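Colleague: Residue numbers (our numbering): 1 to 257. Where a beta carbon is used, it is the ideal one built from N, C-alpha and C, also for glycine. Since the structure is predicted, the reported quantities are computational estimates derived from the model, not experimental observations.
#1: Measure the C-alpha to C-alpha separation of residue 175 and residue 97 and round it to an integer number of angstroms.
#2: Which of helix, strand or coil does DSSP assign to residue 257?
#3: What is the C-beta distance between residue 190 and residue 179, in whole angstroms, given that I count them as a contact (C-beta under 8 Å)?
#4: Locate the beta strand (DSSP E) running through residue 115, then write down its first and last residues.
#5: Am I right that residue 61 and residue 21 are in contact with their C-beta atoms under 8 Å? What's the rounded C-beta distance?
#6: Would you kindly work out how many angstroms separate the C-alpha atoms of residue 81 and residue 148, rounded to a whole number?
#7: Between residue 203 and residue 166, what straight-line distance do the alpha-carbon atoms span, to the nearest angstrom?
#8: Compare the Cα-Cα distances from residue 69 to each of 196, 142, 159 and report the closest residue.
#9: Can you tell me which residues form a DSSP beta bridge with residue 151?
#10: Give the secondary structure of residue 260 by DSSP, where H, G and I count as helix, E and B as strand, and everything else as coil.
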């Protein structure tokens with residue numbers, strides 16, 4: 001019989017079992033950076049929960065109080081889901097992980113649960129699972145972002161996005177990367193930008209986001225943890241291949257300054 005176990009991670013378990021993301025490359029800078037970030041965030045009550053099937057990692061959910069979240073959303077009093085991934089669909093893994101999160105949020109007296117989705121990238125959770133569990137779409141933002149929410153009562157204020165996304169881009173003329181280490185793939189994403197920029201003879205300004213306040217002020221997308229900007233335009237908020245970056249930058253170089 002298959003044995004399913006839900007394990008809430010802490011620093012010791014992350015060191016032993018390991019985190020779920022990029023687990024095939026445990027010596028990479030991205031993986032080590034993620035584990036370091038997790039240990040820092042555990043102190044702020046972040047929850048990182050893995051689903052094990054016969055002692056094998058098959059999925060995980062990461063969530064935190066919205067006041068400490070890496071997503072650019074105003075949602076005080078809510079729990080914000082960062083990530084929810086499973087290795088196979090149709091087995092109920094996602095539902096089990098989501099139930100764990102929602103039960104935890106209710107027990108801690110939260111207003112509800114929120115999640116950021118985007119159908120045009122795999123860097124956010126798929127919204128299908130959340131819609132199946134009666135989450136409601138409450139806001140949209142540029143670049144196809146959607147905010148889904150499950151409020152625990154009808155009289156609570158719903159989360160919302162900032163409205164000055166375009167203004168956040170205008171101050172960046174040089175090729176600039178804004179990043180934090182909530183996602184281990186940010187390191188590879190950065191390396192690809194640097195490689196493409198080098199081919200074109202472009203310098204890169206690298207800005208390390210140090211706090212939630214800085215994230216809420218500077219990020220040009222709700223995703224928050226990775227943004228590439230050039231000449232006041234968003235190049236990407238997720239990992240691109242070196243060739244894709246090269247083509248995007250080359251097009252902008254040919255256009256008006």
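Modeller: Reading it off the structure:
#1: 39 Å
#2: Legend: pLDDT at residue 257 = 49, less than 50; position of this residue unreliable, no value from coordinates given.
#3: 6 Å
#4: 112-118
#5: Contact flag wrong, Cβ pair sits at about 12 Å.
#6: 10 Å
#7: 23 Å
#8: 159
#9: 112
#10: The requested residue 260 is not part of the displayed model; the chain covers only 1 to 257.
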